[in-house]
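Peer 1: Here it is: the structure, laid out below.
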């Protein structure tokens with residue numbers, strides 16, 4: 019099957035946003051065994067979109083569009099798609115009800131514009147959108163398949179994974195079974211170098227690395243007649259990879275670092291509290307992503323000022339005077355202080371210089387200390403991180419959680 | 019002048035790399051007043067590249083390609099370009115000498131393949147590559163301009179800036195000037211509905227809405243001979259929009275909501291502290307995005323447990339027993355409590371049910387209370403938010419910051 023991707027949006031043509039959807043979908047289509055020879059981008063313009071669709075179907079069997087499903091007049095993808103196939107539009111009751119409920123709940127008025135989002139080409143398969151108001155759809159007519167997905171990646175990706183992947187799998191005779199290994203504390207090129215031989219020598223299953231949000235994932239994909247057969251093909255390759263990467267693999271599939279840490283804490287009945295300076299609440303916020311965390315998270319403190327470090331955490335004035343707020347000593351006293359103040363088993367602390375200002379030759383931007391107190395013992399790590407303010411803070415959060423995981427599981431860094 | 023970009027490389031079609039060149043060049047072309055209606059991507063395949071070039075010149079005056087200038091057999095862009103214009107290739111002495119020197123310096127042997135990089139279509143303008151071995155070139159024949167740039171961004175961008183920008187500037191007369199208005203507290207469809215007439219009736223400047231991260235932006239773009247003229251065209255349209263949307267517009271261009279709030283706080287000498295439950299630190303973390311916040315942010319508390327709400331914030335046991343942790347009363351006491359405990363002018367609190375569990379009929383998932391104490395007065399808002407755990411929490415943060423902005427500026431919600 020030959021596919022192509024048409025990304026729709028003037029904002030891409032203006033360079034306002036990066037076309038990450040095209041990258042994601044391309045990679046996943048390659049995984050699924052679908053050939054992709056063209057990607058294209060057009061603006062929110064009826065004529066040009068029509069032309070693009072015509073051209074795409076002249077050379078491909080499956081066309082996936084992203085964008086142009088929103089409520090405004092600019093959003094034309096569904097209408098042009100229906101026109102191409104010569105199909106009329108009709109109201110999809112279920113989508114209309116969902117839309118009405120959504121707006122009611124938000125105490126917002128449902129405009130004429132919005133109702134447009136509940137209209138679909140007759141006979142199309144509706145793809146629910148769990149993260150926004152615009153459902154997608156699939157039109158399959160005369161051996162041509164058009165799949166319309168919304169533009170925002172946080173809507174696009176789950177819709178693709180939940181509804182399009184199974185659909186494409188059904189079209190091809192084989193089933194694709196895949197398993198994702200999640201890796202932290204190792205860059206993509208290091209992971210790729212270490213398992214180079216495995217990547218190169220596999221054809222079924224295939225192994226593909228991705229880097230995202232300070233972690234690396236390896237997706238192992240097997241083509242097989244059924245799930246059991248696929249899993250049997252994956253198992254030896256997974257073992258081989260695990261032998262090489264060991265405990266740098268923190269989880270599989272939908273696991274998250276905060277979820278894995280949260281589960282270790284709950285299993286071991288360990289309560290935790292967090293004291294943050296430069297991350298300003300992001301570390302605690304990340305832990306709270308894990309829904310079960312309330313069982314073990316006692317509290318978080320953002321002690322941004324020195325006075326609050328002293329008052330809330332009991333960091334001593336002499337430590338702050340002698341070593342400064344960004345120092346090993348302060349990180350240690352913060353971790354111990356928050357654990358004591360909240361009566362938790364674990365105290366985790368962050369203090370650093372995220373920039374853009376505040377750096378000196380001795381203490382440059384990107385210098386961060388992470389402290390971890392666990393039942394009487396305290397550890398501190400000094401980090402030199404690169405990137406802008408936001409990146410330094412995000413990397414700190416990932417490091418802190420991964421290090422806590424390693425300390426709790428007695429895995430070396 | 020109408021341009022388009024063709025990115026060449028199988029690695030883009032496989033999703034192995036993100037097409038950042040297309041984003042960069044698009045943004046710069048918009049800046050330079052060049053229209054861009056199409057971007058496309060093809061693999062390292064002669065026939066498809068030929069077709070793409072043919073098609074591009076059927077609708078555009080200027081085609082910029084990236085990639086395919088390397089030394090391998092796969093790298094065909096120059097050859098296909100010369101063929102399209104029916105021009106033969108010749109050795110470019112200067113490039114050949116540079117190449118020879120480069121390899122000598124690296125102690126590497128110059129292969130037949132590499133010499134290919136010193137061959138160019140007769141009569142083309144050679145663009146030196148200061149960061150790699152592949153020079154680019156410009157072919158200008160019969161009012162069609164083809165600009166060939168290398169693929170790696172660190173070679174592509176400087177070549178574009180140093181040689182292509184001056185070339186394009188000489189060709190065109192117009193500049194594009196744009197201004198972005200940032201809107202909070204109103205959905206994209208509502209914004210579009212309200213300013214529908216303006217969007218429809220403008221051709222210069224144009225007005226385009228985008229939705230991203232719980233806010234809406236409007237980009238006003240004018241075509242003019244220079245910056246001043248552009249700004250003069252934008253001003254009346256901006257005024258018209260401001261008359262309609264009023265204080266829902268919180269900022270322009272690169273402003274952020276947390277930055278705007280931070281600046282109001284600093285200007286008015288108001289200190290702030292944050293007490294969070296379900297957002298778990300995200301609200302405080304968002305404020306800390308703004309580098310200047312340390313002047314006014316005293317501290318943040320994540321009081322996830324009831325005991326910590328009582329101990330840290332002084333929320334009364336009877337309030338928690340009678341109304342529950344997620345209630346108007348608790349939100350009020352949290353906001354007042356954090357302000358008092360930290361001796362701040364402002365205390366802002368969040369308590370809610372982010373899900374996926376913990377909801378009841380009376381208090382469903384998505385129920386969130388935001389409390390704001392300002393110098394003796396306390397306000398509480400009840401929200402019903404939709405989305406998953408992460409979305410509910412992010413929307414809460416945006417609402418809380420926007421509401422604080424409105425309270426401080428005496429803007430109604």
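Chains as they are written, first to last, in the working numbering: chain A, 19 to 431; chain B, 19 to 431. A virtual CB, placed ideally from N, CA and C, is assigned to each residue, including glycine.
1) Give the interface partners of residue 248 (chain B) over in chain A, defined as CB-CB distance under 8 Å, in chain order.
2) So which residues on chain B does residue 29 (chain A) lean against when the C-beta distance must stay under 7 Å?
3) Could you tell me whether the region 176 to 195 of chain A touches the region 127 to 147 of chain A, using the rule of 3 or more Cβ pairs below 8 Å?
4) Would residue 346 (chain B) and residue 396 (chain B) qualify as a contact pair, given that the criterion is a beta-carbon distance under 7 Å?
5) Closer than 7 Å, CB to CB, is residue 306 (chain B) near chain A or not?
6) Do residue 227 (chain B) and residue 252 (chain B) have their beta-carbon atoms positioned less than 7 Å apart in this structure?
7) May I have the straight-line CA-CA distance separating residue 234 (chain A) from residue 361 (chain B), to the nearest angstrom?
8) Looking at C-beta atoms only, is the number of pairs between the region 194 to 213 of chain A and the region 54 to 62 of chain A that lie closer than 8 Å three or more?
9) Could you tell me which residues DSSP puts in a beta bridge with residue 110 (chain A)?
10) Considering Cα atoms alone, identify which of A:163, A:139, A:85 is closest to residue 104 (chain A).
11) Could you tell me whether any Cβ in chain A is nearer than 7 Å to the Cβ of residue 371 (chain B)?
12) Since residue 175 (chain B) meets chain A, which of its residues come closer than 8 Å, beta carbon to beta carbon?
13) Would you tell me roughly how many angstroms separate the C-alpha atoms of residue 351 (chain A) and residue 296 (chain A), rounded to the nearest one?
14) At which residues does the beta strand (DSSP E) containing residue 159 (chain A) begin and terminate?
15) Residues of chain A with CB under 7 Å from residue 409 (chain B), in chain order?
16) Would you verify that the beta carbon of residue 89 (chain A) is, or is not, closer than 7 Å to some beta carbon of chain B?
17) Alpha carbon to alpha carbon, what distance is there between residue 87 (chain B) and residue 97 (chain B)?
18) Can you say whether residue 147 (chain B) is buried or exposed, counting buried as having 16 or more other CB atoms within 10 angstroms of its CB?
19) In chain B, which residues lie with their C-beta within 9 Å of the C-beta of residue 198 (chain A)?
20) For the candidate residues A:89, A:324, A:384, A:318, whose alpha-carbon lies nearest to that of residue 325 (chain B)?
21) Could you give the DSSP three-state label for residue 102 (chain A): helix, strand or coil?
22) Assign residue 62 (chain A) to buried or exposed, taking buried as 16 or more other Cβ atoms, counted over all protein chains shown, within 10 Å of its Cβ.
23) Under 7 Å between C-beta atoms, does residue 391 (chain A) make it to chain B?
24) Grouping DSSP H, G and I as helix and E and B as strand, with all else coil, what is residue 426 (chain B)?
25) Which of the three DSSP states, helix, strand or coil, is assigned to residue 200 (chain B)?
26) Would you report the Cα separation of residue 137 (chain B) and residue 38 (chain B), rounded to the nearest angstrom?
27) Going by DSSP in three states, residue 237 (chain B) sits in which element: helix, strand or coil?
28) So, is the C-beta of residue 312 (chain A) closer than 7 Å to a C-beta in chain B?
29) Between the Cα of residue 80 (chain B) and those of B:164, B:399, B:33, spot the shortest distance and give me the residue it belongs to.
30) From the DSSP output, read off the bridge partner residues of residue 395 (chain B).
31) What are the complete alpha helix (DSSP H) segments, minimum 4 residues, inside the region 322 to 390 of chain A?
32) Using a beta-carbon distance below 7 Å, is residue 317 (chain B) in contact with chain A?
33) Measure the Cβ-Cβ separation of residue 377 (chain B) and residue 371 (chain B) and say whether it is below 7 Å.
34) Compute the Euclidean distance between the alpha carbons of residue 414 (chain B) and residue 424 (chain B), then round it to the nearest angstrom.
35) Using a beta-carbon distance below 7 Å, is residue 202 (chain B) in contact with chain A?
36) Count the CB pairs spanning the region 286 to 304 of chain B and the region 286 to 304 of chain A that are closer than 8 Å, and state whether there are at least three.
Peer 2: In brief:
1) From the beta-carbon of residue 248 (chain B), no residue of chain A is found nearer than 8 Å; the closest lies around 15 Å away.
2) The contacting residues are 228.
3) Contact between the region 176 to 195 of chain A and the region 127 to 147 of chain A is present: 3 or more CB-CB pairs across the two stretches fall below 8 Å.
4) Using a Cβ distance threshold of 7 Å, residue 346 (chain B) and residue 396 (chain B) do not count as a contacting pair.
5) For residue 306 (chain B), the answer is yes, since a Cβ of chain A falls inside 7 Å of its Cβ.
6) Taking 7 Å as the Cβ cut-off, residue 252 (chain B) and residue 227 (chain B) do not qualify as a contacting pair.
7) Those two C-alpha atoms are separated by around 44 Å.
8) Short answer: they don't touch.
9) Residue 110 (chain A) pairs with nothing; no bridge assigned.
10) Selection A:163, A:139, A:85 evaluated against residue 104 (chain A) yields A:139 as nearest (Cα-Cα).
11) Answer no: the Cβ-Cβ gap between residue 371 (chain B) and chain A never drops below 7 Å.
12) None at all; the shortest Cβ gap to chain A is about 12 Å.
13) Going by the C-alpha atoms only, they are around 16 Å apart.
14) Per DSSP, residue 159 (chain A) belongs to the beta strand (DSSP E) from 154 to 159.
15) Neighbours of residue 409 (chain B) in chain A, taken as residues whose beta carbon is under 7 Å from its own, are 149 in chain order.
16) Yes, its Cβ sits closer than 7 Å to a Cβ of chain B.
17) One C-alpha to the other measures close to 9 Å.
18) Looking at its Cβ environment, which holds 16 or more other Cβ atoms inside 10 Å, residue 147 (chain B) is buried.
19) Neighbours of residue 198 (chain A) in chain B, taken as residues whose beta carbon is under 9 Å from its own, are absent, since the nearest beta carbon is some 15 Å off.
20) Nearest of A:89, A:324, A:384, A:318 to residue 325 (chain B), Cα basis: A:318.
21) Helix at residue 102 (chain A).
22) The residue in question, residue 62 (chain A), is buried, as its Cβ has 16 or more Cβ neighbours within 10 Å.
23) Not closer than 7 Å to any Cβ of chain B, the Cβ of residue 391 (chain A) fails to qualify, so no.
24) Note: residue 426 (chain B) maps to helix in three-state DSSP.
25) The answer is strand: DSSP assigns residue 200 (chain B) an E or B state.
26) Linking residue 137 (chain B) to residue 38 (chain B) through their CA atoms gives a straight-line distance of about 27 Å.
27) Here residue 237 (chain B) sits in strand by DSSP.
28) Taking Cβ atoms only, chain B reaches closer than 7 Å to residue 312 (chain A), which makes this a yes.
29) Of the candidates B:164, B:399, B:33, B:164 places its Cα closest to the Cα of residue 80 (chain B).
30) By DSSP's assignment, residue 395 (chain B) forms a beta bridge with B:392.
31) Correct list: 324 to 331, 335 to 341, 346 to 360.
32) Answer yes: the Cβ-Cβ gap between residue 317 (chain B) and chain A drops below 7 Å somewhere.
33) Their beta carbons are under 7 Å apart, which means residue 377 (chain B) touches residue 371 (chain B) by this criterion.
34) Here the alpha carbon of residue 414 (chain B) sits roughly 15 Å from the alpha carbon of residue 424 (chain B).
35) Taking a beta-carbon distance threshold of 7 Å, residue 202 (chain B) does not count as an interface residue toward chain A.
36) At 8 Å Cβ cutoff, the stretches touch.
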